[in-house]
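Counting from 1 along the sequence shown, just add 670 to a position and that's the residue number in the numbering used here. Here is the structure we will look at.
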Amino acid sequence: MRTRRTAALLSALFVCFGVQIEAQATAPDEDLATAEGVVAELYEIVTFDPGTSPDWDRARSLFLPEAVVVLRSSREATTQFTVEGWVADFENFIEQRNVVETGFIESIVKTVPWVFKDVAHILVLYEAGFPGDERRQYGIDAFSLVKKEGRWWIAGILNEIPDRDNPIPPELRP
């Protein structure tokens with residue numbers, strides 16, 4: 671009887687883990703196979719059409735749980751976030767600016783990758799704006815990634831906004 675209970679428990683655990691493994695196998699693994707693929711996936715997630723919103727669960731799945739995101743919040747200040755704090759800040763932006771109605775574009779203009787073994791740094795020049803509005807804001811993101819468990823994870827993002835006194839660095843100019 672004890673053997674039957676143990677077998678039933680093991681079977682239940684196997685089924686649970688099997689479902690999780692199957693779900694991971696159906697995820698777009700090719701996006702996670704390279705550091706640049708993970709970064710590109712994040713930009714695709716935060717770009718969305720009017721009437722929709724980002725897939726925040728998919729976005730969260732790209733980050734290590736301990737990841738840190740540091741964004742330029744004003745000309746003089748930056749703000750540090752956990753992944754959950756970053757998601758909440760982005761959702762706040764969407765709500766305050768009524769971005770669900772307009773949609774949002776944040777696209778990669780140029781990347782400068784550096785990969786060594788299981789660590790990577792990806793510099794990104796991006797442009798952000800709203801569909802139908804020709805005005806675009808350029809920004810620079812510096813991603814740190816680590817490869818573990820057979821895929822790449824975002825460990826941190828640092829953000830800066832070029833300006834007249836500090837233009838886009840030569841290595842990132844389009």
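Glycine included, each C-beta is placed from N, C-alpha and C at the ideal position. On a predicted model such as this, the values are computed, not experimentally measured, just so you know.
- Short of 6 Å from the beta carbon of arginine 728, and not among the five residues preceding or following it, lie these beta carbons of its own chain, in chain order: Ile715.
- Proximity to threonine 722 across Thr704, Ile775, Ser731 and Val739 peaks at Ile775, based on C-alpha coordinates.
- Measuring C-alpha to C-alpha distances from glutamine 807 to each of Glu706, Asp759 and Asn829 identifies Asn829 as the nearest.
- Between the segment 774-793 and the segment 701-721 there are three or more C-beta pairs closer than 8 Å, enough to call the two in contact.
- Restricting attention to Gly773, Phe786 and Asp803, the CA atom closest to the CA of aspartate 719 is found in Gly773.
- According to the DSSP assignment, leucine 734 belongs to the beta strand (DSSP E) that extends over 733-742.
- Here serine 814 is not near alanine 798, since their CB atoms are 8 Å or more apart.
- Annotation: arginine 843 to valine 785 spans about 20 Å, alpha carbon to alpha carbon.
- Going by C-alpha positions, valine 753 is about 12 Å away from tryptophan 823.
- Following the DSSP letters along the chain, one finds glutamate 776 inside the beta strand (DSSP E) bounded by residues 775-786.
- In the DSSP assignment, phenylalanine 751 falls within the unbroken beta strand (DSSP E) covering 748-751.
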